[in-house]
Amino acid sequence: MLLNHTLWTLPQTQQPLHALTSLTHHVTSTGGFTLAMVHRGQCSSKGEQCSDLYLKAGAYIRIMEIGAADGLTLGNYPKDTQLVVVEPVNVFREAFNRKLATVNNAEPYSSTSNRSPDAHPRIALEAWYAVPAENILDKILSKADKLEEQERTTSTRPMDGQFDAFVSCFTLCSVHDLERVLTNATELVKPGGLILMLEHVPSPGLLMHIYCVCLQPIWGFLFGGCNLNRRSERYLLTHKKLCICWEQVFCEEFYTCHGFSFMPIRCTVGFVARRLPNT
333 MLLNHTLWTL PQTQQPLHAL TSLTHHVTST GGFTLAMVHR GQCSSKGEQC SDLYLKAGAY
393 IRIMEIGAAD GLTLGNYPKD TQLVVVEPVN VFREAFNRKL ATVNNAEPYS STSNRSPDAH
453 PRIALEAWYA VPAENILDKI LSKADKLEEQ ERTTSTRPMD GQFDAFVSCF TLCSVHDLER
513 VLTNATELVK PGGLILMLEH VPSPGLLMHI YCVCLQPIWG FLFGGCNLNR RSERYLLTHK
573 KLCICWEQVF CEEFYTCHGF SFMPIRCTVG FVARRLPNT
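In terms of this note's numbering, the sequence shown is residues 333 to 611.
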């Protein structure tokens, strides 16, 4: 599942404004997959001044990550991240908390900062939902319905978008209803926000296909239902809402290994889409 020495960056002309304006995935042979560099923009690609409806100075960037497991991506999230985790396997929680504490303790605030060290940790864990990704929208709606009427009417409903980004790393291979997961993602992200995904896909070649088919029963049992032959990129490129209300910013396949290998995962796809304004 590693991408050796691969760097991919969003084109400057297609970056969202004043939100998550660039994503860089840098994978090394020792560090594995890392999610890095989510920046706020300052103006549009044409040099026009613009205002940010969601992110204010000193505010959190709100991100939902599904399949966060033991926190592999935590060390590369930007400062002031408010994170909502969806991870049905609760056994990961202890390791995740340790990684979160390590990341926050390793990021001391500058002595020139106006904020106290306790005011804004680098990553604030807002919530952990031990539910399948297919059910997260229902879970959040149910939670919102328990709020008082005044609080509920003044807050943003999930279908209007609550998150600046929705992140999935090697998770779509194991969900039971991929269409529903993508629909949830499109409804949870704000206009101008991003869907960011890195997923493995079947490698080309008849022999590799036969090998993966034969290996699938054992592989799926050992790795939480991971499906070696799922064409996640086809769902991403043909999902109705992603085709209508979203701009595809980036989609590219990468080969993770070359030559002879028993490793069944050799090809991954990076996908980034931005929700269009006023949708």
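C-beta: ideal position from N, C-alpha, C; glycine also.
Within a 10 Å sphere around the beta-carbon of H508 sit fewer than 16 other beta-carbons, which makes this residue exposed. Comparing C-alpha distances from M396 to each of L608, A459, L510, E511 shows the shortest one belongs to A459.
In the three-state scheme derived from DSSP, where H, G and I count as helix and E and B as strand, M396 is classed as strand.
Checking the DSSP bridge columns, you'll see M529 partnered with S500, F603. Distance from the CA of G537 to the CA of L568, rounded to the nearest whole angstrom, comes to 22 Å. Assigned with DSSP and collapsed to three states, P523 falls in strand. Of the residues assessed, V545 falls on the exposed side of the cut-off, its CB having fewer than 16 other CB atoms within 10 angstroms. In the three-state scheme derived from DSSP, where H, G and I count as helix and E and B as strand, V463 is classed as coil.
Fewer than three pairs of CB atoms, one per stretch, sit closer than 8 Å, so the stretch 516-527 makes no contact with the stretch 552-559.
DSSP places C558 outside both helix and strand once states are collapsed to three, so it counts as coil. Here A400 has V417, E419 as same chain residues with Cβ atoms under 6 Å from its own Cβ, once five neighbours each way along the sequence are excluded.
Within the same chain, and ignoring the five residues on either side of I542 in sequence, no residue has its Cβ closer than 6 Å to its Cβ.
Of all alpha-carbon atoms in G602, T611, E565, the one lying nearest the alpha-carbon of I576 is that of T611. Ranked by Cα distance from R563, the options G557, P534, V581 are led by P534.
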